[in-house]
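This report refers to the structure that appears directly beneath it.
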Amino acid sequence: MDFGFPAMLVLLLLAADRDFLLLTLSVCILHECGHGLAMCLTGAGLREIRLTAAGLQLRTGTSVLSKGKLLCIYLSGPLTNLVFAAIFCKLSTEIALLHLALGLFNLLPFRVLDGGAALETLQNPEPIRLWLCAGIWVVMLFALVLHSSRNPLLYLMLLYLAVSEWMHKKLPTVP
Numbered sequence: 000m001d002f003g004f005p006a007m008l009v010l011l012l013l014a015a016d017r018d019f020l021l022l023t024l025s026v027c028i029l030h031e032c033g034h035g036l037a038m039c040l041t042g043a044g045l046r047e048i049r050l051t052a053a054g055l056q057l058r059t060g061t062s063v064l065s066k067g068k069l070l071c072i073y074l075s076g077p078l079t080n081l082v083f084a085a086i087f088c089k090l091s092t093e094i095a096l097l098h099l100a101l102g103l104f105n106l107l108p109f110r111v112l113d114g115g116a117a118l119e120t121l122q123n124p125e126p127i128r129l130w131l132c133a134g135i136w137v138v139m140l141f142a143l144v145l146h147s148s149r150n151p152l153l154y155l156m157l158l159y160l161a162v163s164e165w166m167h168k169k170l171p172t173v174p
């Protein structure tokens, strides 16, 4: 566990309803269980579970995996959420929407999300991915401002996505 995890948990407890927070954490745990199951089924194994400010991170027990196995692992978390969204559709709209939101959010092409990791596995053209991320980021910011969102955590999440993309951008080498 790094320092950011308890700090983020305290921020969330201050900003969100406790029941909603517990429900959201359970949705996140199911998402990570999807990744963990895929790691076991693909033979990658589960070596480490890290608790960070950005959430839970699972690490495989091996460093060499085929593209197919990596894609399966990266996409299994969002797929788990989408399956649970369908299951809860008739039972609980709130739980279904949380699963749907987390599943779709994690499919975005940002490097720190499952969608970005999957695109990196496919060796997509970097400029296209960066322009796509920039466009999605602007749309998300516009939506927050348009709806007069006063939730600072949503703005922090957007800042985190922008900074993490910028920090991973490959700088040109000097000849």
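Numbering that gives the first Met the number 0 applies: residue 0 is where the sequence shown begins, and numbers increase by one.
A virtual CB, placed ideally from N, CA and C, is assigned to each residue, including glycine.
Quantities reported herein were computed from a predicted structural model and do not represent experimental measurements.
Using the three-state DSSP reduction, which class does residue 204 fall into: helix, strand or coil?
The displayed coordinates of the chain run from 0 to 174. Any statement about residue 204 would go beyond what the structure contains.
Where does residue 172 land, buried or exposed, given buried means 16+ other C-beta within 10 angstroms?
The predicted position of residue 172 is uncertain, since its pLDDT is 44 and thus under 50; a value taken from the coordinates is nonetheless stated next. Exposed is the call here.
How would you write the range of the alpha helix (DSSP H) that residue 76 sits in, first residue to last?
66-87
Give me whichever residues DSSP pairs with residue 54 in a beta bridge.
51
Within the same chain, show all residues whose beta-carbon is closer than 7 Å to that of residue 37, passing over the 5 residues directly before and after it, in chain order.
71, 72 and 75
Could you tell me the alpha carbon to alpha carbon distance between residue 115 and residue 66, rounded to whole angstroms?
Our two residues, residue 115 and residue 66, have alpha carbons roughly 14 Å apart in a direct line.
Proximity to residue 133 [Cα-Cα], best of 148, 165 and 146:
165
Sequence-distant residues of the same chain with beta carbon closer than 7 Å to residue 174, five excluded per side:
Interpretation of residue 174 is limited by its pLDDT of 45, a score under 50 that renders its predicted location unreliable; the figure taken from the coordinates is listed afterwards. So no residue of the chain qualifies.
8 Å contact criterion, which residue 33 and residue 92 should meet: CB distance rounded
No, residue 33 and residue 92 are not in contact; Cβ-Cβ is about 22 Å, not under 8 Å.
Taking the alpha helix (DSSP H) that residue 116 belongs to, which residues open and close that run?
113-120
Counting only the same chain and skipping the five closest in sequence on each side, list residues whose C-beta sits under 6 Å from that of residue 153.
143
I need the DSSP call for residue 90, collapsed to helix, strand or coil.
coil
Pick helix, strand or coil for residue 106, following the three-state DSSP scheme.
Three-state result, residue 106: coil.
Express the C-alpha separation of residue 100 and residue 64 in angstroms, rounding to a whole number.
The alpha-carbon atoms of residue 64 and residue 100 are separated by roughly 29 Å.
Pick helix, strand or coil for residue 23, following the three-state DSSP scheme.
Note: residue 23 maps to helix in three-state DSSP.
State the beta-bridge partners of residue 59 as determined by DSSP.
Here residue 59 is bridged, per DSSP, to 45.
Is the separation between the beta-carbon of residue 107 and that of residue 86 shorter than 7 Å?
no
Do residue 163 and residue 177 count as a contact pair if the criterion is CB distance below 7 Å?
What is shown of the chain runs 0 to 174, which leaves residue 177 out entirely.
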